[in-house]
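Chains as they are written, first to last, in my numbering: chain A, 1 to 437; chain B, 1001 to 1437; chain C, 2001 to 2437; chain D, 3001 to 3437. Below is one structure; the comments refer to it alone.
Protein chains: 4
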Amino acid sequence: MEYFKNVPKIKYEGPESDRPFAFKYYDGERVVAGKKMKDHLRFAMSWWHTLCAGGSDPFGVETMDRSYGGLTDPMEIARAKADAGFELMTKLGIEFFCFHDVDIAPEGKTFAESKENLFAMVEYIKGKMAETGIKLLWGTANNFGAPRFMHGAATSCNADTFAYSAAKIKNALDATIELGGQGYVFWGGREGYETLLNTDMALELDNMARLMQMTVKYGRSKGFKGDFYVEPKPKEPTKHQYDFDAATVIGFLRKYGLDSDFKLNIEANHATLAGHTFEHELAVARVNGLFGSVDANQGDPNLGWDTDQFPSDVPSATLAMLEVLRAGGFTNGGLNFDAKVRRGSYTFDDIAYAYIVGMDTYALGLIKADEIIRDGRIDKFVKNRYSSYTKGIGKDIVEGRATLESLEKYTLENPEPVMESGRQEYLEGIFNSILYR
Amino acid sequence: MEYFKNVPKIKYEGPESDRPFAFKYYDGERVVAGKKMKDHLRFAMSWWHTLCAGGSDPFGVETMDRSYGGLTDPMEIARAKADAGFELMTKLGIEFFCFHDVDIAPEGKTFAESKENLFAMVEYIKGKMAETGIKLLWGTANNFGAPRFMHGAATSCNADTFAYSAAKIKNALDATIELGGQGYVFWGGREGYETLLNTDMALELDNMARLMQMTVKYGRSKGFKGDFYVEPKPKEPTKHQYDFDAATVIGFLRKYGLDSDFKLNIEANHATLAGHTFEHELAVARVNGLFGSVDANQGDPNLGWDTDQFPSDVPSATLAMLEVLRAGGFTNGGLNFDAKVRRGSYTFDDIAYAYIVGMDTYALGLIKADEIIRDGRIDKFVKNRYSSYTKGIGKDIVEGRATLESLEKYTLENPEPVMESGRQEYLEGIFNSILYR
Amino acid sequence: MEYFKNVPKIKYEGPESDRPFAFKYYDGERVVAGKKMKDHLRFAMSWWHTLCAGGSDPFGVETMDRSYGGLTDPMEIARAKADAGFELMTKLGIEFFCFHDVDIAPEGKTFAESKENLFAMVEYIKGKMAETGIKLLWGTANNFGAPRFMHGAATSCNADTFAYSAAKIKNALDATIELGGQGYVFWGGREGYETLLNTDMALELDNMARLMQMTVKYGRSKGFKGDFYVEPKPKEPTKHQYDFDAATVIGFLRKYGLDSDFKLNIEANHATLAGHTFEHELAVARVNGLFGSVDANQGDPNLGWDTDQFPSDVPSATLAMLEVLRAGGFTNGGLNFDAKVRRGSYTFDDIAYAYIVGMDTYALGLIKADEIIRDGRIDKFVKNRYSSYTKGIGKDIVEGRATLESLEKYTLENPEPVMESGRQEYLEGIFNSILYR
Amino acid sequence: MEYFKNVPKIKYEGPESDRPFAFKYYDGERVVAGKKMKDHLRFAMSWWHTLCAGGSDPFGVETMDRSYGGLTDPMEIARAKADAGFELMTKLGIEFFCFHDVDIAPEGKTFAESKENLFAMVEYIKGKMAETGIKLLWGTANNFGAPRFMHGAATSCNADTFAYSAAKIKNALDATIELGGQGYVFWGGREGYETLLNTDMALELDNMARLMQMTVKYGRSKGFKGDFYVEPKPKEPTKHQYDFDAATVIGFLRKYGLDSDFKLNIEANHATLAGHTFEHELAVARVNGLFGSVDANQGDPNLGWDTDQFPSDVPSATLAMLEVLRAGGFTNGGLNFDAKVRRGSYTFDDIAYAYIVGMDTYALGLIKADEIIRDGRIDKFVKNRYSSYTKGIGKDIVEGRATLESLEKYTLENPEPVMESGRQEYLEGIFNSILYR
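Next up, the structure:
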């Protein structure tokens, strides 16, 4: 059965095309910066928003029909979702997908039944993967949606919930391994607090680390060679989430000795919520050697919640791809659309339009980032700007020979430092002239 | 004396030019949408940030030398500033300027002396205008900087301050008229409150209106035919400013019968601070028939203060110019750069770079807005989207024939409304494909 | 059947009581500022969050059982909700309630069936009201939750949806009148836009006004003597809501001639989202003569969405009650708890705890606001601060005798204005010393 | 000479006193939680805002006379400031102060001259300390105000500026040691970036660490036994400051091996700017064993810049003091008022009023925090809430015996976790009933 009936196989037609179902910039086979675009971008479809979510929000019910032709049996729906997902990925030329356990298989009445459903669907999906060549980017467990997680998962005040969380992660990780996934993500949707009045933060943080440590141990024992990721987010659903931003997560990973197994999965929208730019979060991960993967959905700077919009902000995508290129590109990671169409964009066609604008946005970001690097003016400016650290007193500082005393002596003997302009407006002009040419 | 020594006459060289002192997009004589770009955009230089401000911020002293060659006499500095300003405008091809009274002439020891200084500089500037053909866009009085305005100007608790404010406005308006200005702006930098604990809001709002009413009466009596403007801003320096945003100002103008003499001067950065997009504020002004003029400086969505950056955000400029074109373009208004270079961009060259990126940004915004209109897909979509109001029950509603009873009857007799997708992602794709081609 | 089984009749026991199910500050019969506390505060229970909402959020399913003992028939549930609501109000001593049409009666398969359900429940509730003496504060229609409102109600692009909205309002208003309600509220949950790319703002605003005008006409024709209210909110669910804040709504009401029939229903949480304090919004309504009613639920200044928390912020409640007292107190309005317990507070006991903390917070706010007024220091300070407007040049200004010319003459003849300190820190000290004694 | 002429020695008079120059809550000798209030709170006066700042803001000049009787010689002014400061501290009963190098001594024409000025003033202040018994809480260097720091201090692109910064720190630390200071603070006012386009973040972070490492080495070599502190702040003046918040700084300190010499100096206002509550930042420092000192000035949740208000928010101060008590109280740290009066509160009297409200606010916070602990209900609730980790599977988890496999086995063998309510509203009620009794 065809679900995206109006949607043809989407092809690259170039910016001048006015056909809605066509890529204007994304041409997967085109070589940019030494690699095919598709290998740079490693686009992934997320199961949840694309195939499961129905458009409800805190003020309204679902607008989207996700019954896949009026189905009611949960396992039948799960298979239909898989069929629809692979159909969509095939039509879009997307080569990876991501899943939560509960996205691909319905929860049963008991944990045992849920587990059974999960592995039944793993088999089913394995078949679809074989048929299409589509691969798993990463898997994860939804340890935030059900009432048992109302006070957290690893950070729950209830040890039974911790145990349940661990059990779910075990199965989700097994499923990930079984499907050849190259990554496993922790997004701690309820790992945080609502009020310090009822919270033991010290225990919760330790427990959060404990579950990650157990997972690494288990995963490595099962031969998992991929990356574990933490996905930073500052708030929502909880008032304060422990994985606030990249710097917070990196500090946490170091504190608990997790930084050689974990990397970061950075989401644009979560950067916005934390008061950062997307490229800032990527740069923080990069300079700490912990850049891993990306959720490309964007937010709205005027809105204080997770809008999870499909990306359309080309300047932001360009700055993001600059960071990705500078970090050496993706290895196990990729560019996942953790995004949802607006509630009023309720048709299957809209999902295709949304992926097209998102993929085109990052294609353009890649092309432009590469042009900026090849242009060279910005990089040269930066190199020159810090050149005082490559000689004289600057070299002494960087190479550890300077002390407060030696630097005071230098300062007493030398005139006031001569400053150079930071030239920000000039650099913004260069950026724009490359973006819009 | 030449102040911007490194800066040549800036010419249009096109996007491929890598010469820093060149326009990549702005070509004043090029005809777009039936008019020359320079007549669409009516760029204006603002005296204050460009010629007066020295780069101090709450955490640091000035970084920029604004002594114009080591001058110390205030009137000499004022003349040098004027010379430098007209030099810069001439080099950039900017045909308008804006001023505060205290920007163009130093305050004296007494009000009388300040007045004398002001009109001496009016004469001087008149000479520069005649030489160059550059015109005044609008004038205004700085009724916020001096200690006497610490509790407001028109909204001060001190009637003597109200009087002083009125006296300053009289002279600033006289100067504006004398220089042939087409607009006079009210920006109420201290018209607001710090705490309700010491504030009589009702009196303050009435007094704010009283001063505007007096000003209109006086200005019209002197033959001023131009527009009065209010510039909305939500906060900073005061905790709450009465001119919060476009909708608030429009409500105020209507309440006090000022809406036939006043229009709005919308600033991008102030929109951001109010939690709006720039295009939203412009649209609100437009649909209320009160669109007037624009301050084009942008903010930073991650920062909560008035950064007054030179604009570089092309998508935002495009959406803004769409609104300007839909409002019929500027009549008396124009596009003023109420912007300052960053504190670290402390040279005169940086000022030129900043204007170049700003002017190019709006040039591109105009070009792209015109392309969007000529492309027609978006406008056609919108027209079609609301077509149900051009016939049947929709027409009855719009033309005033419907009642709750008639609409209930209609609803009882008809099936559930059939919804169409809002197609936001598709439209964002069109927008991008026009922006980046 | 008793639903709040653990909850006894809540009585005033004073601040020293450590019994959870007791008021510490609220003593309905105590006379404060010349009236019983209950008549000042006119507390109302909101149907929706209290009786209907199940604790779902964008990241998790419901945690609260709202089946009222495992019921499945929608009308049975509706009656059980009414029973539970009246039980709770009786136990708490709350004398008013508020409803949306869909809260009190389930939607049917057709509009006609929904209408029938509604009026069946109106009869049922009328019986409960007669039994208990509890009154209706205001009613409203939920014109935002169903898919037909995805693009707005009065501001929908679809005229059929406009008609449907009007029909729902007609019935909700009829129900309000039938139940003796003293108010009818418009909260435009979808009256706004997601993107200007697909929006005709001018038509949408006109249509929003048209529906209000029709409603006033209809209501008055049916003998409704109460107040219509608009409830401002800046965003969520839509990106921009037309009823952004008090000033915006007041401007809208004036523009469309609605200001003699409408007042404002101010919500604390919505003030926060708009970047205002709660007391600011109340003051704006007051000085414009449009203060009506209050939704007392608070937000979290660090979160960007509508948390709808039960109020516990006593300083804020005190400043709010100061405004309410200065506005002359409630007439038809009251203090509604549009609030929900946190998702992790999922028991019926928590609902009672939440109302207790909320009612105590406002009781304390009232007591303290009255003490501030009786103390007199703050009011005296303010009166004195503006005393320059009661004589001399200030009186001339206020009474319309001053002109720019006369004020310039005054300024030329008088010395620099002598400023007095605003004494904000001193006033904050007084405020605290009254709050904490 | 007496500077605060209207200000008497401030005494505790209790909440019922209506004398402005009196403490209503702060009674330094009163014993609370086993210690005198003054030893708990260790209040400190900050030199800069109290004695130096003149009330300028980005939109207006100074309103406050800081010439100390018309002085013009910088060293004379410096001595007068010291006199005024010790007079104020004596009158307020404040036993500590804090300084930046440039607050206590004017910068000279050369670095050598600045150094001479500094140590001349150190001698002068030493005399005042001996006279009054007032002690130094901590010292610091202002490495952000002068043009040489426009691109950062340790993170400057200019190695000469790095050297200059080091030299200044050497002297400020020497001065701190000389004055018996127990702490030395790094607040990196320009340690951040304006745009990634011109920034080498990796080098900048390494250099920031290098300067701290040098400082520790130097300080310890000079016998400094006190604490080094970093003061987190997310932004302003730079767009992004590297010391964003407590978690970020802690991660940084750990990364560079600085966490045994450094602690955190947490500022309430900076927490607000980072999107956190003040108590959150304190809790993060506490659970990481890095709680050090406090800047008590508060911000305004509706404003996006550093307002540095004197604290008046008692609920916040109570939650903060709860964290301070839980961290074991201050050792070397204290409670510094890094606060300024509002620009309109321009008299010396206002400074005294401001300190009074600030000290009373924290006195009340301490009293109430102690009452909450002695009341015990909240702590008991929390202890009980996490009790599942003291036995059975929870104990296995905490003590490292659990694995994913063992936890899956447990989950398979046990029923769905049974959740308990988080009781947030109930706990908020307890908090309020203690605060307002």
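Glycine included, each C-beta is placed from N, C-alpha and C at the ideal position.
Beta-bridge partners of residue i, as assigned by DSSP
{"i": "Trp3047/D", "result": "Trp3047/D pairs with nothing; no bridge assigned."}
{"i": "Asn267/A", "result": "Checking the sequence shown, residue 267/A turns out to be Glu, not Asn. DSSP output for Glu267/A lists Asp295/A as bridge partner(s)."}
{"i": "Tyr362/A", "result": "In the DSSP output, where bridge partners are listed per residue, Tyr362/A has none listed."}
{"i": "Phe2309/C", "result": "Reading the sequence as shown, one finds Gln at residue 2309/C and not Phe. DSSP lists Gln2298/C as partners of Gln2309/C."}
{"i": "Val3098/D", "result": "Note that residue 3098/D is Cys in the sequence shown here, rather than Val. Answer is Ser3046/D, Trp3138/D, bridged to Cys3098/D."}
{"i": "Lys1409/B", "result": "Note: Lys1409/B sits in no beta bridge, so no partner."}
Contact belief for residue i with residue j at Cβ below 8 Å, rounded distance in angstroms
{"i": "Leu3412/D", "j": "Met214/A", "result": "With 8 Å as the limit, Leu3412/D and Met214/A do not qualify as a contact, their Cβ atoms being about 17 Å apart."}
{"i": "Glu2131/C", "j": "Thr2155/C", "result": "With 8 Å as the limit, Glu2131/C and Thr2155/C do not qualify as a contact, their Cβ atoms being about 40 Å apart."}
{"i": "Phe3004/D", "j": "Ala3044/D", "result": "The pair is not a contact, with the Cβ atoms about 18 Å apart (cut-off 8 Å)."}
{"i": "His3049/D", "j": "Lys3340/D", "result": "4 Å"}
{"i": "Arg3203/D", "j": "Tyr389/A", "result": "The question names Arg, but residue 3203/D is Leu in the sequence shown. Rounded, the Cβ-Cβ distance is 7 Å, consistent with contact."}
Best match in the options for proximity to residue i [C-alpha to C-alpha]
{"i": "Glu62/A", "options": "Arg2148/C, Pro2015/C, Leu2322/C, Gly2376/C", "result": "Arg2148/C"}
{"i": "Lys2395/C", "options": "Asn1158/B, Lys1235/B, Lys1024/B, Ala1268/B", "result": "Asn1158/B"}
{"i": "Leu2136/C", "options": "Arg2042/C, Tyr2410/C, Gly2060/C, Gly2392/C", "result": "Arg2042/C"}
{"i": "Trp305/A", "options": "Lys2340/C, Pro2058/C, Gly2133/C, Pro2417/C", "result": "Pro2058/C"}
{"i": "Met3208/D", "options": "Arg423/A, Glu116/A, Val398/A, Glu16/A", "result": "Val398/A"}
{"i": "Ile177/A", "options": "Phe186/A, Lys225/A, Arg286/A, Asp160/A", "result": "Lys225/A"}
{"i": "Met2001/C", "options": "Arg2030/C, Pro2015/C, Ala2084/C", "result": "Ala2084/C"}
{"i": "Tyr164/A", "options": "Ala3167/D, Gly3299/D, Val3418/D", "result": "Val3418/D"}
Residue i versus residue j - alpha carbon distance
{"i": "Arg2377/C", "j": "Leu2322/C", "result": "14 Å"}
{"i": "Tyr1184/B", "j": "Thr1277/B", "result": "25 Å"}
{"i": "Gly1358/B", "j": "Ala3175/D", "result": "48 Å"}
{"i": "Asn432/A", "j": "Glu3231/D", "result": "36 Å"}
{"i": "Ala33/A", "j": "Asp370/A", "result": "6 Å"}
{"i": "Leu2273/C", "j": "Glu13/A", "result": "43 Å"}
{"i": "Gly2392/C", "j": "Arg1210/B", "result": "16 Å"}
{"i": "Arg2066/C", "j": "Met201/A", "result": "32 Å"}
{"i": "Lys3038/D", "j": "Phe3330/D", "result": "11 Å"}
{"i": "Tyr436/A", "j": "Ser1293/B", "result": "27 Å"}
{"i": "Phe3186/D", "j": "Ile3125/D", "result": "22 Å"}
{"i": "Val324/A", "j": "Leu282/A", "result": "7 Å"}
{"i": "Arg2401/C", "j": "Tyr2386/C", "result": "18 Å"}
{"i": "Trp2047/C", "j": "Gly2070/C", "result": "19 Å"}
{"i": "Ala271/A", "j": "Ala2141/C", "result": "37 Å"}
{"i": "Arg2019/C", "j": "Ile2351/C", "result": "16 Å"}
CB contact below 7 Å: residue i versus chain E
{"i": "Trp1047/B", "result": "Included in the structure are the protein chains A, B, C and D, with no chain E among them."}
Problem set entry | Continuous beta strand (DSSP E) assignments of at least 3 residues falling wholly in the region 202-243 of chain A | 227-230
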